[in-house]
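In the UniProt record's numbering, the protein residues as written are 1 to 174.
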């Protein structure tokens, strides 16, 4: 059985590659505006001389510091918002075992308001190492989180130790 094509191939000159037949560039046409059906659909008018100040265009945000990033990640795991294995590639050595042990108790879990990182500080004991402490606030309670970050040969920060402050006395009996 022979297939028959309805269209015949258009001959192309051999000296140029195939091109688009449509000469318009992508995105060249202006976006279509929705039809205005009533006066309610019109956006509010702003007078030209309203004295609105021009603002500078948004500049790129500075990159997130590894101390802030790891504090947020550890908080998510230790408060029960994320599973422990979420930090597997970001931890080295015994830190993952310590994190697993701590996450079972969920020391930063709260009832009511969600815990947030209130303050972060760090100490640089040597080249490529940071010892970080964070204050975690949840409602009127303040808790402590400490961890150590080390810069690997691949220039990625990894957590090598994790600790939290002691559990409050009222919660230890439960």
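Positions of the beta carbon are idealized from the N, C-alpha and C atoms, including for glycine.
Alpha-carbon to alpha-carbon, residue j and residue i
i           : j           : result
residue 149 : residue 89  : 13 Å
residue 93  : residue 78  : 18 Å
residue 72  : residue 129 : 19 Å
residue 135 : residue 143 : 6 Å
residue 166 : residue 156 : 30 Å
residue 104 : residue 153 : 31 Å
residue 86  : residue 96  : 10 Å
residue 176 : residue 82  : Lying before the first or after the last residue shown, residue 176 is absent from the chain, which here runs from 1 to 174.
residue 63  : residue 69  : 10 Å
residue 145 : residue 114 : 16 Å
residue 124 : residue 164 : 20 Å
Those residues which DSSP pairs with residue i across a bridge
i           : result
residue 77  : Its beta-bridge partners do not exist; DSSP assigns none.
residue 162 : 147
residue 61  : None; residue 61 has no bridge partner.
residue 69  : Beta-bridge pairing links residue 69 to no other residue.
residue 142 : 137
Whole-angstrom C-beta distance between residue j and residue i, which should lie under 8 Å
i           : j           : result
residue 84  : residue 100 : 5 Å
residue 106 : residue 80  : 5 Å
residue 147 : residue 74  : 6 Å
residue 98  : residue 162 : 5 Å
residue 158 : residue 91  : 6 Å
Residue from the options whose Cα sits closest to the Cα of residue i
i           : options               : result
residue 182 : 76, 126 and 64        : No information on residue 182 is available, as it lies outside the stretch 1 to 174 that the chain covers here.
residue 160 : 109, 131, 114 and 113 : 131
residue 126 : 151, 113 and 110      : 151
residue 109 : 141, 124, 122 and 95  : 141
residue 122 : 70, 87 and 133        : 133
residue 137 : 69, 112, 154 and 124  : 112
Ignoring anything shorter than 3 residues or poking outside the segment 76-133, list the beta strand (DSSP E) runs there in chain order. Runs of the beta strand (DSSP E) inside the segment 76-133: 116-126.
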